[in-house]
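Okay, structure first, notes after.
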Amino acid sequence: NAGVMQNPRHLVRRRGQEARLRCSPMKGHSHVYWYRQLPEEGLKFMVYLQKENIIDESGMPKERFSAEFPKEGPSILRIQQVVRGDSAAYFCASSPPWEAGELFFGEGSRLTVL
Amino acid sequence: AQSVTQPDIHITVSEGASLELRCNYSYGATPYLFWYVQSPGQGLQLLLKYFSGDTLVQGIKGFEAEFKRSQSSFNLRKPSVHWSDAAEYFCAVAPGFGNEKLTFGTGTRLTIIP
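Those protein sequences? They're chains A and B, same order as listed.
Here the working numbering is used: the first residue of the first sequence is 935, the next is one more, and so on.
Here the working numbering is used: the first residue of the second sequence is 2, the next is one more, and so on.
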């Protein structure tokens, strides 16, 4: 049973470009979470999605950031017009609907904005 | 709003020595508490979790944590550390059962010396 798969692992973008980060949850998991980790900081919640629904996006910046989890395919975190402050590690986690409290994390996507 | 404080940014211990990592939380209701470990360049792995019941919780890799409501603490312990325990440790709190919108502390980096 494969774990949470994130790609790309590393992404370099220039200011003003778009970044797309993908996350495939573990098999059978229908809940996906995105977290951001800035250097020397803990993880900050961004968004919680279920298939075709955004459940909680209270941690998402109001502009330039969006997330989706379509019926088919991976969850996508999209950052438009990236700025240097977007440089961070972005972690996706999934959880099954029947097991409370445990998040299974991917290895993260590290975005560097030049 | 809930918050988590990990007062120790960096701890160094000798291999074979005992370990205690501190975690204090702030939350109005019954907290759901977690400890995660992150190895360099990796995602987070759950060590243990507390929802209710016995306040001493056993986890993987020989770790345990004790919930003390009077002190708002959930400290992580291990009687004898191994070099492979070197990593970053994060304490986290969730707002409710089945809600994985975790609030993380800033982490404690553990270094093991021979």
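Yeah, the Cβ is synthetic: ideal placement off N, Cα and C, and Gly gets one too.
Of all alpha-carbon atoms in Ser15/B, Leu45/B, Glu65/B and Gly54/B, the one lying nearest the alpha-carbon of Cys24/B is that of Glu65/B.
By the neighbour-count criterion, in which a residue is buried when 16 or more other Cβ atoms sit within 10 angstroms of its Cβ, Glu975/A is exposed. Excluding residues up to 5 positions away in sequence, Phe35 and Tyr37 lie with their Cβ nearer than 7 Å to the Cβ of Leu47/B in the same chain. The alpha carbon of Gln984/A has as its nearest neighbour, out of Leu955/A, Glu1006/A and Ala1022/A, the alpha carbon of Glu1006/A. Following the DSSP letters along the chain, one finds Ile1013/A inside the beta strand (DSSP E) bounded by residues Ser1009 to Ile1013.
Below 8 Å, enough C-beta pairs join the segment 8-28 of chain B and the segment 73-91 of chain B to call them touching: three or more. Between the alpha carbons of Arg998/A and Gln1015/A lies a gap of roughly 7 Å. Boundaries cannot be given for His963/A, as no beta strand (DSSP E) includes it and DSSP labels it neither H nor E. The residue from Asn987/A, Val966/A, Glu1002/A and Arg943/A with its alpha-carbon nearest to that of Cys1026/A is Val966/A. Per DSSP, the unbroken beta strand (DSSP E) holding Ile988/A starts and ends at Asn987 to Asp990. In this structure, the CA atom of Ala93/B is about 5 Å from the CA atom of Thr104/B. For Ser1000/A against Arg1012/A, the beta-carbon gap comes to about 5 Å, under 8 Å, which counts as contact. Distances from the alpha-carbon of Phe1039/A to those of Ala18/B, Ala30/B and Gln43/B put Gln43/B closest. Along the segment 986-1010 of chain A, going in chain order, the ones with a CB nearer than 7 Å to a CB of chain B are Asp990. In this chain, the beta strand (DSSP E) harbouring Cys92/B covers Ala88 to Ala95.
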